[in-house]
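Just below is one structure, and these are the notes that go with it.
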Amino acid sequence: MAQINLPFKDGQTVEVRSFEHGYRGAWFRCKIIRIYIVAGTLYYSLKYLDYENEEIHEQQVFQRFEDEEKEWIMVRPAYPSVHKNEANPVPLVGPHGSWKVGDLVDWHKDGCYWSGKVLAIKNNHALQVELYPPPRGEGETCNALSKDLRRSLEWSLEDGWTLPSTEIKAM
1 MAQINLPFKD
11 GQTVEVRSFE
21 HGYRGAWFRC
31 KIIRIYIVAG
41 TLYYSLKYLD
51 YENEEIHEQQ
61 VFQRFEDEEK
71 EWIMVRPAYP
81 SVHKNEANPV
91 PLVGPHGSWK
101 VGDLVDWHKD
111 GCYWSGKVLA
121 IKNNHALQVE
131 LYPPPRGEGE
141 TCNALSKDLR
151 RSLEWSLEDG
161 WTLPSTEIKA
171 M
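Positions 1 to 171 (UniProt numbering) are the ones given, in order, by the sequence shown.
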């Protein structure tokens, strides 16, 4: 892989995803402890912020899912408080009851954020969220509270934070 200058440094808070079955589509808050290279492969030593008893985790920064050719970046900056890529900043956490069916969301559950879309609105504060299907997620339908949701955003080296692409909305 060609050398890439990533915007991360020791001590920085980031979000990290996993391709491990049972955790696909989830983003975990971590702190970078160390950045290093082994045999030309970039790794981060990470401390999970929401799992105090977890040991330091060694994360390969770029990974392929199973037999895919595409390499995915497994680390992104901490979630922003405002989406600034548009002329008018978009608030990222909607007021309770502002979610609509089809909205792409990250659902805070069990110390991490699960990506999916709003499938149904049950009442003012309760909804159903469909997690992304494999391989991007676990594909489950879950009950959630609106207070536990944030807008889904994608992050890339080229574009920074952006609203999710059309192909994800069609999941």
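C-beta atoms are modelled at their ideal positions from N, C-alpha and C, and glycine is treated no differently. The model shown is predicted, which means the values in this text are computed figures rather than measured ones.
Can you find the residues in the same chain that come closer than 7 angstroms, C-beta to C-beta, to residue i, ignoring five residues on each side of it along the sequence?
i   : result
E54 : Y48
For the beta strand (DSSP E) that contains residue i, what are its first and last residues?
i           : result
E15         : 13 to 17
K117        : 112 to 121
L104        : 104 to 109
L131        : 126 to 131
P77         : 75 to 77
residue 181 : Outside the shown range of the chain (1 to 171) lies residue 181, about which nothing can therefore be said.
E58         : 57 to 60
N143        : 141 to 145
Let me confirm a value: residue i is counted as buried when at least 16 other C-beta atoms fall within 10 Å, else exposed. Which label applies?
i    : result
G40  : exposed
D110 : exposed
R76  : buried
L46  : buried
G116 : buried
Could you tell me which residues DSSP puts in a beta bridge with residue i?
i    : result
R34  : S45
G160 : S156
A26  : W114
CB-CB under 6 angstroms to residue i, same chain, minus the five flanking residues each way: which ones, in chain order?
i    : result
V101 : V118
A144 : W107, L127, V129
Only counting the same chain, and skipping five residues up and downstream in sequence, which positions put a Cβ closer than 8 angstroms to that of residue i?
i    : result
S18  : R24, A26, F28, M74
D148 : W107, H108, K109
P164 : L104, S152, L153, E154
Less than 8 angstroms separating the Cβ of residue i from some heavy atom of the ligand ATP?
i   : result
F19 : This structure lacks the ligand ATP; in fact it carries no ligand of any kind.
Using 8 angstroms as the Cβ pair cut-off and three pairs as the minimum, do the stretch 30 to 47 and the stretch 115 to 125 touch?
Result no; under three Cβ-Cβ pairs closer than 8 angstroms.
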